[in-house]
Amino acid sequence: MLERSDLAQTLLLSMAALENQPGIKLQLLQTLQILSSSSDMNCASILQAGGAETICLHMNQPDPNGQVLFHSSEILWNLLERGSTEVTAQLSSMECVISLKEAFLHLLINGFRHSDLQLRNDLLVFTTLIAGNPNSLLIESLFAKQLVVYATFPELKSRNPLVSNLKLSYNNEDLKMKKMLLNLLVLMSKDLAALQLYKEERVLLAVLMLVRPPAASPERRSASRQWSSAQQEEVQLQALATLCSLAPIMLEDYMSCQGNAVLLLLLDWCVAQDAFFGQGHSSPVAEGRGRRKAQMRHCIRVLRSVTSSGEESVNQDLCDQGTINQLLGILMQMEASPDEDDLVSLEIKSDIQLILSALCERDMHRKELFGSEGVEMAVHFLKKGSDKFYSGLGHNKLILSTVDCVWSCIVGCYTTEDYFLAKEGASLLMDLLSSSPRCVHCNVLASLLELCDNPNALSHILSWRDSSGQTAPSFLLQLWMDEEEELKVSRDQDGGITDPQRPILGVYQQEDPQLSFPVNVPSAAVLELSENLRSKVYSIFCKLGFHDLPGLSRKHYVTLSVVRRYLDFKVGEVWEEVSRELGLDGVRPTTPDEEALSAVCKISEDTARKVAAEQRSILELQEKEDISEEQLMYTEIKSHWKQKELTAKSWDSYVSRTSNYEILKEVKAQREEYIESSRPKPEHEEAAVHSTELILGKVMSVERTGSSGPAGVKLKLARTSIKASGQDQAAPTTQDPEYFSTVKD
677 MLERSDLAQT
687 LLLSMAALEN
697 QPGIKLQLLQ
707 TLQILSSSSD
717 MNCASILQAG
727 GAETICLHMN
737 QPDPNGQVLF
747 HSSEILWNLL
757 ERGSTEVTAQ
767 LSSMECVISL
777 KEAFLHLLIN
787 GFRHSDLQLR
797 NDLLVFTTLI
807 AGNPNSLLIE
817 SLFAKQLVVY
827 ATFPELKSRN
837 PLVSNLKLSY
847 NNEDLKMKKM
857 LLNLLVLMSK
867 DLAALQLYKE
877 ERVLLAVLML
887 VRPPAASPER
897 RSASRQWSSA
907 QQEEVQLQAL
917 ATLCSLAPIM
927 LEDYMSCQGN
937 AVLLLLLDWC
947 VAQDAFFGQG
957 HSSPVAEGRG
967 RRKAQMRHCI
977 RVLRSVTSSG
987 EESVNQDLCD
997 QGTINQLLGI
1007 LMQMEASPDE
1017 DDLVSLEIKS
1027 DIQLILSALC
1037 ERDMHRKELF
1047 GSEGVEMAVH
1057 FLKKGSDKFY
1067 SGLGHNKLIL
1077 STVDCVWSCI
1087 VGCYTTEDYF
1097 LAKEGASLLM
1107 DLLSSSPRCV
1117 HCNVLASLLE
1127 LCDNPNALSH
1137 ILSWRDSSGQ
1147 TAPSFLLQLW
1157 MDEEEELKVS
1167 RDQDGGITDP
1177 QRPILGVYQQ
1187 EDPQLSFPVN
1197 VPSAAVLELS
1207 ENLRSKVYSI
1217 FCKLGFHDLP
1227 GLSRKHYVTL
1237 SVVRRYLDFK
1247 VGEVWEEVSR
1257 ELGLDGVRPT
1267 TPDEEALSAV
1277 CKISEDTARK
1287 VAAEQRSILE
1297 LQEKEDISEE
1307 QLMYTEIKSH
1317 WKQKELTAKS
1327 WDSYVSRTSN
1337 YEILKEVKAQ
1347 REEYIESSRP
1357 KPEHEEAAVH
1367 STELILGKVM
1377 SVERTGSSGP
1387 AGVKLKLART
1397 SIKASGQDQA
1407 APTTQDPEYF
1417 STVKD
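Here the sequence shown is numbered in the numbering used here, starting from 677 and rising by one per residue.
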């Protein structure tokens, strides 16, 4: 009933008639608070009647107990929970901003109770929401100037009457206010007028004083001596987050305050406190008090933000202070520690690599400073591969930052390039290319392309093999084919050209509306060069060459013929696009220009037809080789079956010979006959009946005659006869030895 009766809207509109009746007005606010806390429809009704603005304008009316301000704040909170955009829009008017400013200043100076401090912070939250509105009037209302003064208190000594009587209790409510004021500095920095205000009030100096480590900042200790250790850490982290946004847009003030030195000092302090072994988390409060990992994370973020701005004076100052070696040492120290694979650690590592890339990208001397230690670092991270790319912890960012580090810190300096190649860096890039997702290929190919300017790199790339034995040229051509399949380029089943008029044009590009592009906007044909991998693959093959490439099949050669003519096809595509845009704009070129355009387009089409003919000849040769191999295979199969038949026949013969008695007898007879026929026959038949007698004796004397050979030797032996076994043995007798001569008479 109450929701449908528009009671809330009626009560709101009646506030104007109760200016002189504070008691009834207070009861009305209490009623509106109850209605807004219990119903979305009531809140919508109040907002529809401009309730947020009306409540804000009446919150500063005289009230000795402060109940009007309290209930007004509660109503605004209820409205914010159900429609923050509409509430912010209503509170952004000049009158509301001034009303909030007066209420905040009153509570800041006169509020001492805990409820007053909470209410003060609530008003600061409303101010924060207004600051996020690009149409806010904080600068014009002078509220921003007062907020800046309070944000630098008590770090900077000031004679401003706004802070002369200001005292902090250093409790949790004051801590929340300090953090919200620092956050407001970030939100208001989008306005250029606010930046000028920051310069006048020395905001960066105050923030850097909060950032400094305690041991290195006696001024900060005296200024914030009342903050507890845990509170100091939270303020320091909030100050680092603020500095991350302000430093890149206020580099002059940052350098005048020696911001780099402060951050490097903080970095040394974090390392000295064993920051790497703490348990860091995502939020500043939860990142672990007493540990320095959170401070390191935000410190590295600030360094990344200032180096990515590209200001040479900032980068040179960092290099002069030895930042490159310091960051490399921190990175490898983190990598050497156990269990350093969490979200915060991975973010720190990738940010350090991005800082190194920003420092070394355009300076040869800094690449030399990166040196062998930096190469070892890059190789170490490349060896990790991309297995955890989709872990959700940040391994994907670490892989991309490592590749960027190779491109910015190694490529371009021959000393670091040669050391990188000696450490198998080119092979590691190819391994990463073959194992990583498609979104990484463009970055890796760009690094490989730049590395190919070093003549020593080509042999490393050509000698690379993946786990399946695929070569680098074969893999690059496979990437080309996958890219064309993604773009839906017209190809036959063998990868040949099917449309000579559009040899490399994808279906999506053909379906785009045919528009005329402004002079400063790249056309689709030009933009395509940077959006896909084909231009990089073509450029790498220009370094490797198009002949005598290892591990290519006929299909690869068909694709290679297109790759070799890619630039010619792209030139023809651009000129065809120019001709089409002239027609869309209603511009008729002169006759010579028109003839030149037609000739260029015809040359491109003729080139495509020649490539298509070359592809057909490659496929025909492949077909002939396939037929030849098929015939050879058929011959080998026939020979194999013939051999099997002979083996089977031999086995059958063997079985029959060993199992049939008659056949065995016949074979035995044949064998005996063969043995008998193979024996040698004597020359004289008489020799066959002569008995054989063995004569043994002792040599008595040896005489030589004049003859040569055995005939010239005359032996005398003592004769002893040997009887055959079975003969009767004669009685031993003594007889004179019988001598004989070996010389024929």
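Just so you know, even glycine gets a beta-carbon here, dropped at the ideal spot from N, CA and C.
- Q1298 has its alpha-carbon roughly 7 Å from the corresponding atom of R1230.
- Residues E1159 of the same chain have their beta carbon placed closer than 6 Å to that of N1208, with the five preceding and five following residues left out of the count.
- Straight-line spacing of the CA atoms in R1167 and L1155 works out to 15 Å.
- DSSP, read as helix, strand or coil, puts R1038 in coil.
- E849 is positioned such that its CB atom lies no closer than 8 Å to that of L886.
- The way I'd put it, the stretch 1207 to 1222 doesn't touch the stretch 1273 to 1281; fewer than three beta-carbon pairs between them come closer than 8 Å.
- The beta-carbon separation of L1125 and S1206, rounded to 13 Å, does not stay under the 8 Å limit for a contact.
- Cβ-Cβ separation between M864 and A915: approximately 16 Å, too far for a contact (criterion under 8 Å).
- Taking the C-beta atoms as reference points, Q709 is found nearer than 8 Å to E750.
- DSSP assignment within the stretch 718 to 797 yields the following whole alpha helix (DSSP H) runs of 4 residues or more, N-terminal first: 727 to 733, 743 to 767, 770 to 786.
- Fewer than three Cβ pairs drawn from the stretch 1288 to 1296 and the stretch 1250 to 1261 lie within less than 8 Å of each other, which leaves the two stretches out of contact.
- Cα atoms of L1105 and L1058: separation of roughly 7 Å, rounded to the nearest angstrom.
- Within the DSSP secondary-structure output, R1167 pairs in a beta bridge with I1173.
- In terms of CA proximity to S1077, L1030 leads the group L1030, E1052, L1340.
- Around the C-beta of Y1233, 16 or more other C-beta atoms lie within 10 Å, and the residue is accordingly described as buried.
- According to DSSP, T1334 shares a beta bridge with no other residue.
- Pairing Q1002 with S1048, the inter-Cα distance amounts to about 14 Å.
- For R1042, the closest alpha carbon among the candidates R1347, D996, Y1337 is that of D996.
- When rounded, the separation of the alpha-carbon atoms in A948 and N797 is 37 Å.
- Inside the stretch 785 to 860, DSSP marks no whole beta strand (DSSP E) run of 3 or more residues.
- In terms of Cβ geometry, M691 and L704 form a close pair [threshold 8 Å].
- Each residue's CA atom was taken as its position, placing L881 and Y930 some 8 Å apart.
- Its chain contains L1019, L1022, E1023, S1026 as the residues whose beta carbon lies nearer than 7 Å to that of G1070, once the 5 sequence neighbours on both sides are disregarded; these appear in chain order.
- From the listed residues N809, V839, P837, the smallest Cα separation to L860 is found for N809.
- Taking 8 Å as the upper bound for CB-CB distance, L1035 and L994 are in contact here, some 6 Å apart.
- If you check the CB distance, C1089 and E1044 come in under 8 Å.
- Comparing C-alpha distances from V1247 to each of E1281, L939, Q1009, G1227 shows the shortest one belongs to E1281.
- About 5 Å separates the beta carbon of V883 from that of L919, a gap short enough to meet the 8 Å contact definition.
- In this structure, H974 and A1054 do not form a Cβ contact; the two beta carbons are roughly 25 Å apart against a cut-off of 8 Å.
- Rounded to the nearest angstrom, the gap between the Cα atoms of S1332 and M1309 is 35 Å.
- Just measuring C-alpha positions, the residue of Q912, L940, S845 sitting nearest Q902 is S845.
- Three or more Cβ pairs closer than 8 Å define a contact, and the stretch 1084 to 1103 meets that threshold against the stretch 1127 to 1135.
- For E729, the CB contacts under 8 Å within the same chain, skipping 5 residues up- and downstream, are Q766, L767, S769, E771, C772 in chain order.
- For R1141, the pairing in a beta bridge is given by DSSP as T1147.
- N936: member of the alpha helix (DSSP H) spanning 935 to 948, first to last residue.
- A check of alpha carbon separations from T686 across Q724, L873, S714 identifies Q724 as the nearest.
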